[in-house]
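Enquirer:
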Amino acid sequence: MRTELASEPSDAGRPNEDFAAVGLPASGQGGSVVVLDGVTPPKGGTGCLHSVPWFTARLGGALTELTVSLPDVPLADALSQAIARTAAAHAATCDLSHPRTPQATVVLARWNPAAVEYLVLSDSALLVESPEGVVTPVLDDRLALLPRSALATDALVDATLRNKEGGFFTAAADPSVTARAVTGTLPRGEVRALAALTDGAGRWVERFREGDWTDCFRLVRKEGPRALLDRVRELERADAARTFVGGSKTHDDATVVYAEL
71 MRTELASEPS DAGRPNEDFA AVGLPASGQG GSVVVLDGVT PPKGGTGCLH
121 SVPWFTARLG GALTELTVSL PDVPLADALS QAIARTAAAH AATCDLSHPR
171 TPQATVVLAR WNPAAVEYLV LSDSALLVES PEGVVTPVLD DRLALLPRSA
221 LATDALVDAT LRNKEGGFFT AAADPSVTAR AVTGTLPRGE VRALAALTDG
271 AGRWVERFRE GDWTDCFRLV RKEGPRALLD RVRELERADA ARTFVGGSKT
321 HDDATVVYAE L
């Protein structure tokens, strides 16, 4: 088995809000990947005393443990338990009903000798490669399909779309959100390798159009996750006119996990 991980903050002076982990059970028969992209809140408060990195560390730590220690529990249930556990850790001090309470996108994958399970919630990506080399992206595209006019301001998004029907969903404080995730199971023999990416790394495809998801996967497999992050940073620095990043951050936290099963 080959696993590689690379993660880089948007700015060396700011903490990385992403979380990534690979869990390998002591049995040696399987493993799991956990990737979270913490949602950076706008100025104005979140109703919470804690930072986004605090939240992603708590949620990611719980998911890493649960996906390994409870191999028979579906990934959606493991995420629900992890959200509930994290919410309980700060419910007494924070307003978890605030639309900007700390939250994150989620990619989970878990495999054993018989099957590969996956879960994607919001705009991070999971790429699945078959033994024949066919790469299939698993995406939750609800946010991407929303009209730009609906995303005009943070206040509008929070009031009408964030964790609401007709909008998009993230892992925040409500365990029931797991019913909104994109989930599935594949026979183990149909999967050769996986790559999980936060949208900061996925910019290579989605913003800069340097290739499709198959090209992206092949770059990661051949040169490693660090090579993809380096390419993204080069493209961001070259985009002085903001032709590609538009009104988004010049740089974003970026994370890639690659696993050959």
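Residues 71 to 331 (the numbering used here) make up the sequence shown, in order. Built from N, CA and C at the ideal position, the CB exists for glycine as well.
1) For residue 197, I'd like the list of residues in its chain whose CB is within less than 6 Å of its CB, leaving aside the five on either flank, ordered along the chain.
2) So, is residue 316 buried or exposed, given that buried needs 16 or more other C-beta atoms within 10 angstroms?
3) Does the separation of the CB atoms of residue 180 and residue 159 fall below 8 Å?
4) Pull up the CB-CB distance for residue 323 and residue 268, whole angstroms please, since I reckon it's below 8 Å.
5) How far does the alpha helix (DSSP H) with residue 78 in it reach, from first residue to last?
6) When you compare only the Cα positions, how much space is there between residue 14 and residue 97?
7) Taking the alpha-carbon positions, what's the residue 122 to residue 172 distance?
8) Does DSSP classify residue 240 as helix, strand or coil?
9) Extract the residue ranges of the beta strand (DSSP E) inside the segment 181 to 266, only unbroken runs of 3 or more that lie entirely within it.
10) Can you say whether residue 161 is buried or exposed, counting buried as having 16 or more other CB atoms within 10 angstroms of its CB?
11) Count the C-beta pairs between the segment 142 to 155 and the segment 111 to 119 that are closer than 8 Å, then say yes if the count reaches three, no if not.
12) From the DSSP output, in three-state form, read off residue 88 for me.
13) Could you please give me the residues that DSSP links to residue 93 through a beta bridge?
14) In the DSSP assignment, what are the bridge partners of residue 178?
15) At what residues does the alpha helix (DSSP H) containing residue 122 begin and finish?
16) Indicate whether residue 301 and residue 228 have their beta-carbon atoms separated by less than 8 Å.
17) Mind checking residue 163: buried by the 16 CB within 10 Å criterion, or exposed?
18) Work out the CA separation of residue 307 and residue 221 for me, nearest whole Å.
19) According to DSSP, simplified to helix, strand and coil, what is residue 329?
20) Under three-state DSSP, which class holds residue 161?
21) Sorted by chain position, which residues of the same chain lie with C-beta nearer than 8 Å to residue 255's C-beta, five sequence neighbours on each side aside?
22) Between which two residues does the alpha helix (DSSP H) containing residue 110 stretch?
23) Using beta-carbon positions only, say whether residue 103 and residue 329 come within less than 8 Å of one another.
24) Alpha carbon to alpha carbon, how far is residue 212 from residue 233? Give it in angstroms, no decimals.
25) Hey, out of 262, 231, 293, whose CA is closest to residue 331's CA?
26) Considering only their Cβ atoms, is the gap separating residue 326 from residue 305 smaller than 8 Å?
Expert: A quick look at the data gives this:
1) 205, 207, 265, 283, 287
2) exposed
3) no
4) 7 Å
5) Taken as a continuous stretch (DSSP letters only), residue 78 belongs to no alpha helix (DSSP H), being part of the beta strand (DSSP E) at 72 to 78.
6) Because the chain is modelled from 71 through 331, residue 14 falls outside the range shown and cannot be assessed.
7) 5 Å
8) coil
9) 185 to 191, 195 to 199, 205 to 209, 252 to 257
10) exposed
11) no
12) strand
13) 102
14) 104, 189
15) 122 to 139
16) no
17) exposed
18) 25 Å
19) strand
20) coil
21) 185, 186, 187, 188
22) Where residue 110 is concerned, there is no enclosing alpha helix (DSSP H), given that its DSSP letter is neither H nor E.
23) yes
24) 11 Å
25) 262
26) no
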